[in-house]
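Chains as they are written, first to last, in the numbering used here: chain A, 83 to 410; chain B, 21 to 548.
Note that beta-carbon positions come from the ideal geometry of N, C-alpha and C, so glycine has one too.
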Amino acid sequence: MNRVERIGRVVRRTLLHALPTALGIVILVFFLLQLVPGDAVDVLAGESGSATAATMAHLRAQFGLDQPIVLQLYHYLGNLAHFNLGFSPRYNAPVMDLVISRLPSTLLLMLLSQGVAIVIGISLGVVMAAWAGKWPDRLLSLLALLLYSTPGFWIGLMALILFSVHLDWLPSGGNATIGAELAGWANLKDMLRHAVLPVLALSSFFIAIYARLTRAAMLEIARQDFVRTAHAKGLSPLVVTLRHILRCALLPITTVAGMHFGNLLGGAAVIETVFSWPGLGRLALEAVMARDFNVLLGVLLLSAFLVILANVLVDLLQSWLDPRIKVR
Amino acid sequence: MRKSILLPVLILASSVFSIPGQAAEATPQRGGTLNFLAEPEPPVLTSLVSTSGAVMKVNAKVIEGLLTYDFNMQPIPQLATSWAVSPDGKQYTFHLRKGVKWHDGQDFTSADVAFSILTVKQYNSRAQGTFANVTEVKTPDPYTAILELSKPAPYLLSAFSANEAPMVPKHLYEGTDIMTNPHNTAPIGTGPFIFKEWVRGSHILYVRNPNYWDKPKPYVDQLVVKIIPDAATRTIALETGALDLGSDSPVPLSEIDRIKKNSKLGIETRGYGYSPTQTRIEFNLDNPYLKNLKVRQAIAHSINIDVLKNVVWYGYAVKSPTPITPELAAFHDNTPSPYAFDIAKANALLDEAGFPRQANGIRFKLVHDYMPYGDSFKRVAEYIKSSLAKVGIEVTIRSQDFATFIKRVYTDRDFDFDNGSISNLFDPAVGVQRLYWSKTYKPGVPFGNGSHYSNPEVDRLLEQAAIETDPAKRVEMYQQFQRIIATDIPDLNLLQINRQTIYNKRVHNFLTDIQGVNGSLADVWLEQ
């Protein structure tokens with residue numbers, strides 16, 4: 083089976099599973115949201131402070147909120163079939179525009195965080211496993227425990243006070259210098275400067291997870307026969323550690339990392355709020371507060387697809403790491 | 021009382037900028053970027069279709085009104101250069117500024133004024149009431165607009181600000197669906213700043229209007245309105261200089277000492293007179309205990325307003341035991357509260373009301389909801405709980421988000437009593453009447469008559485005061501109204517909040533009229 087054929091099969095299978103799953107999520111969430119007290123017009127009227135019954139009725143009619151629930155769902159699904167995510171009462175903008183405009187900044191934050199967490203986490207794990215029981219292991223275990231038990235947003239706030247207020251090295255929020263109109267290299271540098279602290283805050287917890295996972299997996303694999311064989315045939319300890327032990331240990335780590343993609347989205351809501359980062363997580367949080375359910379459903383749908391995509395990538399990665407794993 | 025203490029301090033503060041040694045500072049410098057806070061993010065960028073507080077922060081930068089107002093609510097020219105009200109109060113004539121152009125280059129004329137007034141009357145929920153008596157706007161020539169009223173509206177001359185009656189371009193709105201017109205989120209006005217972009221969740225960007233009629237204003241090149249949802253991050257942004265100016269108490273009061281100690285930052289409490297904030301405890305008069313006047317009086321005697329002022333609001337408040345705040349000085353009833361802090365009297369009143377303490381010391385139980393906005397109302401709730409425990413009322417505090425709170429109190433009416441704040445706006449007829457008039461008891465509509473209070477005499481006074489043209493008689497009617505409310509206490513009025521504007525000291529001249537930073541900011545300049 084060649085590679086293209088294999089990828090094609092994965093995509094087909096995923097679509098077959100993902101579409102009904104996503105549809106199910108949308109319908110379930112749609113009905114769950116009806117249990118939440120208040121609608122978007124209640125919030126708009128509350129914020130305006132001077133609403134009248136007539137203006138509220140007018141707004142409800144404008145956004146279709148005065149229709150029966152089933153009819154609202156029918157219209158929503160009808161819109162979805164035309165790739166239209168509806169209109170946001172709170173932001174006065176099409177949901178598709180809102181979600182798409184937030185997607186790049188959230189993806190940047192998540193991929194960087196996930197990348198940083200995996201690279202640092204695995205490196206720490208390798209060091210811990212290599213010196214298991216000795217002082218580097220103990221020291222790093224303590225560090226991992228600290229990162230594991232400290233909330234990311236608190237690390238973020240403390241880092242803000244240190245690096246932004248006292249040292250004045252990094253910006254205190256946002257994802258770019260507003261109105262600077264930078265291009266090319268300067269723009270990239272500006273973006274990365276803004277990303278450092280949120281990435282640090284978001285990845286801290288996951289660094290700890292991957293470090294501990296790598297350590298445990300490597301220690302287990304190190305006891306197996308093929309490792310002894312590798313040592314016996316005269317390979318250097320470094321090659322054995324990296325090519326034989328670590329490669330096998332990557333399997334559980336990639337599985338967990340794929341699952342964490344969804345967790346990252348949840349964690350991003352808090353970190354994005356702390357750092358005024360215009361991302362999807364914060365959009366979802368604000369949509370809940372504003373009862374802007376079109377936006378919330380839009381974010382959920384997109385997140386669901388992101389998680390599914392991440393899982394497909396993990397599947398492919400695993401079959402590459404261990405050819406015995408067949409993609410069915 | 022508080023004002024007399026505050027005033028010398030403010031005069032002192034302002035004199036710092038004008039002492040001779042610093043004369044150079046008095047000359048405005050051009051250039052720079054002003055970073056201004058908007059929180060929460062506004063739903064639209066013009067008050068034509070929304071009265072949300074967040075919209076009021078950004079609207080007037082682009083869109084202007086016919087008038088603005090000095091600190092004593094006296095009109096100052098903006099797009100109108102002169103005006104006259106007929107003796108019967110039913111005709112308002114405005115002479116307009118000549119040579120003013122919209123940001124798209126078209127001329128501003130009386131046709132725009134007529135269109136704007138009638139549109140705001142139809143589509144803006146507050147203006148529907150404010151401009152209800154306006155029947156017609158005549159435009160005898162391009163620079164004269166005459167409003168005809170069916171009956172007098174004595175508060176109307178205070179309502180021609182950019183935020184209450186925004187002047188929008190007729191040629192871009194006429195014939196469109198006003199509520200969904202794209203210019204609601206990409207406004208075009210006559211103001212000092214031109215809208216450039218709105219990146220939702222991040223910022224709104226405005227640039228200097230080079231053709232502004234009031235040259236050489238504006239002084240700053242760019243106005244960046246930042247959206248910073250987290251209070252701790254807002255504090256940090258002010259400290260680092262990422263934010264120059266934030267209004268409506270942008271940092272938690274618990275952080276205010278940190279701000280005071282920062283030599284780069286200043287705190288200003290003026291500039292909120294166009295929308296003063298009153299805090300109060302709202303009773304549900306349909307509740308079997310709270311419908312009893314003696315119970316409400318007992319609660320009033322159990323609350324020590326000084327504690328709330330000093331502990332919850334860190335002194336940033338003025339006692340206001342009456343519906344009309346001291347800021348609306350002409351109408352405010354400054355007699356002290358008839359309900360002095362007196363636990364013994366409260367206990368006696370509850371005994372008289374027929375709710376004796378039971379074996380466990382408790383008379384009855386109530387649930388208290390607080391307005392979920394910042395953390396201060398939660399602290400008020402905690403104080404109420406501990407105070408009422410002393411007189412034998414067991415209070416359970418219930419927390420919820422804003423939408424749930426609004427729906428519970430104003431739609432489902434599933435509450436006993438709550439505490440929160442409400443704006444008096446620029447006149448009692450607009451900001452106070454809605455809370456006590458029996459005709460504004462309309463379940464489903466937030467911030468109306470939530471107590472379900474109904475008193476024919478109060479209704480009569482409110483309705484008459486809303487059309488009385490003699491200022492002295494109007495004042496007398498509102499004084500009488502306040503005396504009745506003090507007797508009936510359908511709600512317990514507590515304090516007027518002195519909201520803070522926190523600014524970087526490189527920002528000058530942001531406070532030029534009663535609207536404070538909700539105005540155009542055309543006069544602001546930055547020390548380079």
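What would DSSP say about glutamate 288 (chain B), mapped onto helix, strand or coil? strand
Does any residue of chain A have a CB that is nearer than 8 Å to the CB of aspartate 389 (chain B)? no
Would you be able to state if there are at least three C-beta pairs under 8 Å between the segment 515-529 of chain B and the segment 286-298 of chain B? yes
Just to confirm my understanding: we take isoleucine 382 (chain B), look at its own chain, exclude 5 residues before and 5 after, and list those with CB closer than 7 Å. What are they? Gly412 and Glu414
With DSSP run on the structure shown, which of helix, strand or coil describes histidine 276 (chain A)? helix
From B:Thr297, B:Lys405 and B:Phe384, pick the residue whose C-alpha is nearest to that of leucine 348 (chain B); which is it? B:Thr297
The beta strand (DSSP E) enclosing histidine 321 (chain B), as first and last residue numbers: Element bounds for histidine 321 (chain B): not the beta strand (DSSP E) but the alpha helix (DSSP H), 313-322.
Using the beta-carbon count (16 or more within 10 Å), is tryptophan 218 (chain B) buried or exposed? buried
For a contact defined as C-beta to C-beta under 7 Å, what are the partners of valine 321 (chain A) on chain B? Under the 7 Å cutoff, chain B gives no residues; its nearest Cβ is about 48 Å from valine 321 (chain A).
Can you tell which of A:Val181, A:Leu301, A:Phe245 and A:Ile182 has its C-alpha closest to the C-alpha of glycine 207 (chain A)? A:Leu301
Just grab the DSSP bridge partners of proline 466 (chain B) for me. Partner(s): none; proline 466 (chain B) has no beta bridge.
Determine the closest residue to valine 188 (chain B) out of B:Ala80, B:Glu259, B:Asp479 and B:Phe446, with distance taken between C-alpha atoms. B:Ala80
What residues of chain B sit near phenylalanine 357 (chain A), judged by a beta carbon separation below 9 Å? Asp250 and Thr253
By DSSP, does alanine 44 (chain B) sit in helix, in strand, or in coil? Low per-residue confidence applies at alanine 44 (chain B): pLDDT is 42, beneath 50, and the placement is therefore not dependable enough to give any value.
Using 10 angstroms around the beta-carbon of arginine 406 (chain A), count the other beta-carbons present and answer buried if the total reaches 16, otherwise exposed. exposed
For proline 280 (chain A), decide whether its Cβ has a neighbour in chain B, counting only Cβ atoms nearer than 8 Å. no
Cβ pair threonine 159 (chain B), serine 170 (chain B) closer than 8 Å: no
Within this structure, are the beta carbons of valine 429 (chain B) and aspartate 389 (chain B) separated by less than 8 Å? yes
What's the call for phenylalanine 165 (chain A), buried or exposed, on a 16-neighbour Cβ count within 10 Å? exposed
For lysine 141 (chain B), is the classification buried or exposed, using 16 other Cβ atoms within 10 angstroms of its Cβ as the cut-off for buried? buried
Expressed to the nearest angstrom, what Euclidean distance is found between the alpha-carbon atoms of cysteine 330 (chain A) and isoleucine 89 (chain A)? 22 Å
Can the beta-carbon of leucine 512 (chain B) be found closer than 8 Å to that of isoleucine 319 (chain B)? yes
At least one CB of chain A closer than 8 Å to the CB of alanine 349 (chain B): is that the case? no
Under a CB-based cut-off of 8 Å, is alanine 135 (chain A) close to chain B? yes
Starting from glutamine 148 (chain B), find everything on chain A with Cβ-Cβ shorter than 8 Å and list it in chain order. Thr134, Ala136 and Thr137
Coil, strand or helix - proline 176 (chain A) by DSSP: strand
Go ahead and label proline 174 (chain B) buried or exposed: buried means 16 or more other beta carbons lie within 10 angstroms of its beta carbon, across all protein chains shown. buried
Other residues of its chain near valine 29 (chain B): CB distance less than 8 Å, five sequence neighbours each side excluded: Any reading at valine 29 (chain B) needs caution, since the residue's pLDDT is 38, under 50, leaving its predicted position unreliable; the model's value is listed next. Closer than 8 Å at Cβ, skipping near neighbours: no residue.
Proline 253 (chain A) to serine 246 (chain A) span [Cα, whole Å]: 6 Å
CA nearest to the CA of threonine 96 (chain A), picked from A:Ser401, A:Leu391, A:Asp404 and A:Gly349: A:Leu391
Between glutamine 144 (chain A) and chain B, is any beta-carbon pair separated by less than 8 Å? yes
Anything in the segment 71-84 of chain B with a Cβ closer than 9 Å to a Cβ of chain A? List those residues in chain order, please. Thr71, Ser72, Gly73, Ala74 and Val75
Could you work out which residues of chain B lie near valine 247 (chain A), taking near to mean beta carbons separated by less than 7 Å? Ile256, Glu259 and Thr260
Could you name the residues of the segment 221-238 of chain B whose beta carbon sits closer than 8 Å to any beta carbon of chain A, in the order they occur along the chain? Gly221, Ser222, His223 and Leu225
Would you say isoleucine 544 (chain B) reaches chain A, if we count a Cβ-Cβ gap shorter than 8 Å as a contact? It is valine, not isoleucine, that sits at residue 544 (chain B) in the sequence shown. Not closer than 8 Å to any Cβ of chain A, the Cβ of valine 544 (chain B) fails to qualify, so no.
To which residues of the same chain is phenylalanine 169 (chain A) closer than 8 Å at the C-beta, ignoring the five residues directly before and after it? Phe145, Ala175, Pro176, Val177 and Asn376
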